[in-house]
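Have a look at the structure below, then the notes.
There are 2 protein chains.
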Amino acid sequence: MHFTFLGTGAGVPAKNRNTTSMVLTMPEYQGDTWMFDCGEATQHQILHTSVKLSKIKKIFITHMHGDHIYGLPGVLGSRSFQGGVDKLTVYGPKGIKDFIEISLSVSSTYLKYPLEIIELDEDGIIYEDGNFKVSVKELEHGITCFGYRIEEKDQPGTLLVDRLKAEGVMPGPIYRQIKEHAAVTLPDGRTLTSSDYIGPDKKGRKLAVLGDTRVCQAAVELAENADLLIHESTFSKGMEQKAHSYFHSTSTQAAKTAKAANVAALILTHISSRFQEDDQLLLEEAREIFNPTYLAKDFWTYELN
Amino acid sequence: MHFTFLGTGAGVPAKNRNTTSMVLTMPEYQGDTWMFDCGEATQHQILHTSVKLSKIKKIFITHMHGDHIYGLPGVLGSRSFQGGVDKLTVYGPKGIKDFIEISLSVSSTYLKYPLEIIELDEDGIIYEDGNFKVSVKELEHGITCFGYRIEEKDQPGTLLVDRLKAEGVMPGPIYRQIKEHAAVTLPDGRTLTSSDYIGPDKKGRKLAVLGDTRVCQAAVELAENADLLIHESTFSKGMEQKAHSYFHSTSTQAAKTAKAANVAALILTHISSRFQEDDQLLLEEAREIFNPTYLAKDFWTYELN
Ligand SMILES: [Zn+2]
Ligand SMILES: [Zn+2]
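Chains as they are written, first to last, in this note's numbering: chain D, 10 to 314; chain P, 10 to 314.
Structural data, given as structure tokens:
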């Protein structure tokens, strides 16, 4: 799976950074794509990538500020226009349903796919299936703003084929039975304990995609032991007072959260246009605290192994 | 005054043509700028022009399809963010008020300027001041869609300074009195009839900016004797049946309307992405019927003398 940043700016679009949106593309799960936030012109950004609107199955909105939602009506309409037929679910704070429904209805936009809109009002698990669990916690942004934690479930290990062959068990329908049952009786009467022939579980990946926020404990909790934390960095080191007043974070604060949460990697995004020329500064400041930090750019893709 | 095309595409954004928006910039009227339609990413397009959001005083929306309105919340919010304080008036069909008010309220966007929203429901004059008269007529687009006619009022001619000097009337406060009064009595007792010393009225310019439409009589009436007609050309010659079904026009139909209305120039816009490579074809087809035709492109500016 990989993360593609469609917009990495803050507040208003700038020439080199659009307002916030990113997508998680999962080739290992039939190419399913999950979007996080959808600032204006997200569909325009997508025109320059290999992202397919029809593959977007879920859109998670962190908060209702315009730079995170104004691209939604366009993305939803164009997904239909381009032939998307699979159900799409949008998660977001209260207000998201009104915004979407009124935007679509005043513009006489009739979607050719089922659209489900789920308004979130408290911390907890918002989605779970055989492969994933998604939970939210409220951050501190002046208005309701959620951070998302995505946990891939541990996947069963692969069959230890060499060991089976050594026991004289050759490939066939029996291999599938070993995967699916705790014990299997062979035609010759022997009973195998399946776990002896299956490698260790493949640990599921964990990631945290946070909305805009001040430094807060919920951010650390959402990111705990994650493989990747995506965190805003609207301001730079030394601007902590300003960050507090405007409910945002500095590069250094994002790095401290990453360190406290013991994540494997941190990506800084939501970069103010004031750093157009010297955005590398933010990266350097964060790396002083937490070395495996990266700075997002529009159209940049990060591979999550 | 000049027209700048911010988006000249149809339906959905394409790489080279954004969805519809254009602005009329009037340096001769303190730089006042009027916008017509506002598709998604209009504010992004503006970043690449000299258009100032704070100078936009009026926005005229032709109809409520997403490709003509989804950029409004962003333009309104950014105009405030960039320091716009003058009143802004938005005109459009029923629904425009709900769309704007809900988009701004769910996103906690508080404008620092007065915003007036006027919903249009019938043909007639919608605005008039000392310099302009703006009127609308409903077109044929399946949903309510208006065409706008902008008439600049005739401006009084310039003072015939040479003739005044020949009478011994030298420059001074008296020149202003001649402009402002029908007759003026000089210090030496003579009375001048002002109209003898003022050149002929300067004819006001007339332009018609139409929304999406089938061929219809209202289009011809709106454009009558205009200096400029801006007309959609979603389809090409020979696609009249399709144009009729989808409530759009072909290049040839636009040209026939221009000819019937006796306009001085026609600009084709709202070009379907199917003509990405061969959009010049539309221009050639129109010129067969009406020679002074131009094909709009994103960021192209047309000077109206
Ligand atoms: Zn924000
Ligand atoms: Zn349209």
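Backbone N, C-alpha and C define an ideal beta-carbon position, used for all residues, glycine too.
Going by DSSP, which residues form a beta bridge with residue i?
i	result
Phe244/D	Thr259/D
Pro182/P	The partner list for Pro182/P (beta bridge, DSSP) is empty, contrary to what the question assumes.
Thr200/P	Thr194/P
Asp41/P	Met35/P
Ala175/P	In DSSP, Ala175/P forms no bridge with anything.
Val218/P	Tyr157/P and Ile239/P
Assign residue i to one of two classes, buried (16 or more other C-beta atoms within 10 Å of its C-beta) or exposed (fewer than that).
i	result
Met10/D	buried
Thr51/P	buried
Met179/D	exposed
Asp288/P	buried
Gln54/D	buried
Lys121/P	exposed
Glu131/P	exposed
Arg172/P	exposed
Glu176/D	exposed
Pro70/D	The sequence shown places Ile at residue 70/D, rather than the Pro named in the question. Buried: at least 16 other Cβ atoms inside 10 Å.
Lys212/P	exposed
Glu125/P	exposed
Leu291/D	buried
His74/D	buried
Thr302/D	buried
Glu294/D	buried
Pro209/P	exposed
Val94/P	exposed
Val170/P	exposed
Ala192/P	exposed
For the alpha helix (DSSP H) that residue i lies in, which residues bound it at each end?
i	result
Phe108/D	Ile105 to Val115
Ala50/P	Note, Ala50/P: premise wrong, no alpha helix (DSSP H); not H, not E.
Gly156/D	Counting along the chain, Gly156/D falls outside any alpha helix (DSSP H), though it belongs to the beta strand (DSSP E) covering Phe155 to Glu161.
Tyr119/P	Element bounds for Tyr119/P: n/a, residue is neither H nor E.
Ala191/P	Element bounds for Ala191/P: n/a, residue is neither H nor E.
Ile298/P	Gln289 to Ile298
Glu249/P	Glu249 to Ser254
Under a three-way DSSP split, which group does residue i fall into?
i	result
Val229/P	helix
Glu125/D	strand
Asp205/P	helix
Thr71/P	coil
Val32/P	strand
Lys211/P	strand
Val170/P	helix
Lys164/D	Here residue 164/D is Gln; the residue named in the question, Lys, does not match the sequence. Looking at Gln164/D - three-state DSSP - the assignment turns out to be strand.
Leu282/P	Looking at the sequence shown, residue 282/P is not Leu but Ser. It is helical.
Ser59/D	coil
Lys96/P	coil
Lys66/P	strand
Ala270/P	helix
Ala305/P	coil
Ala235/D	coil
Could you tell me the boundaries of the beta strand (DSSP E) in which residue i lies?
i	result
Gly86/D	Segment Leu81 to Phe90 is the alpha helix (DSSP H) holding Gly86/D; no beta strand (DSSP E) there.
Ile276/D	Leu275 to Thr278
Tyr311/P	Thr310 to Glu312
Ala19/P	Run containing Ala19/P: none; DSSP gives neither H nor E here.
Lys142/D	Phe141 to Glu147
Gly151/P	No beta strand (DSSP E) holds Gly151/P; DSSP gives it neither H nor E.
Glu137/P	Gly133 to Glu137
Is residue i near ligand 4, with its Cβ less than 7 Å from a heavy atom?
i	result
His240/D	Of the ligands this structure carries, namely ligand 1 and ligand 2, none is ligand 4.
Q: Count the CB pairs spanning the stretch 210 to 224 of chain D and the stretch 149 to 158 of chain D that are closer than 8 Å, and state whether there are at least three.
A: The answer is yes - the stretch 149 to 158 of chain D touches the stretch 210 to 224 of chain D, with three or more Cβ pairs under 8 Å.
Q. Would you call the stretch 31 to 39 of chain P and the stretch 181 to 188 of chain P in contact, with 3 or more CB pairs under 8 Å?
A. Not touching, per the Cβ criterion.
Q: Report yes or no: do the stretch 189 to 200 of chain P and the stretch 244 to 254 of chain P share at least 3 C-beta pairs separated by less than 8 Å?
A: Inter-segment contact for the stretch 189 to 200 of chain P and the stretch 244 to 254 of chain P is absent: fewer than three beta-carbon pairs are separated by less than 8 Å.
Q) Any contact of the stretch 10 to 30 of chain P with the stretch 93 to 101 of chain D, i.e. 3+ C-beta pairs under 8 Å? A) They do not touch, by the three-pair rule.
Q) Hey, is the stretch 133 to 149 of chain P in contact with the stretch 107 to 121 of chain P, meaning 3+ C-beta pairs nearer than 8 Å? A) Not touching, per the Cβ criterion.
Q) Three or more C-beta pairs closer than 8 Å, one from the stretch 267 to 278 of chain P and one from the stretch 227 to 246 of chain P: is that the case here? A) Yes, the stretch 267 to 278 of chain P is in contact with the stretch 227 to 246 of chain P.
Q: For the stretch 257 to 264 of chain D and the stretch 232 to 242 of chain D, state whether three or more C-beta atom pairs, one from each stretch, are separated by less than 8 Å.
A: Enough Cβ pairs lie closer than 8 Å, so yes.
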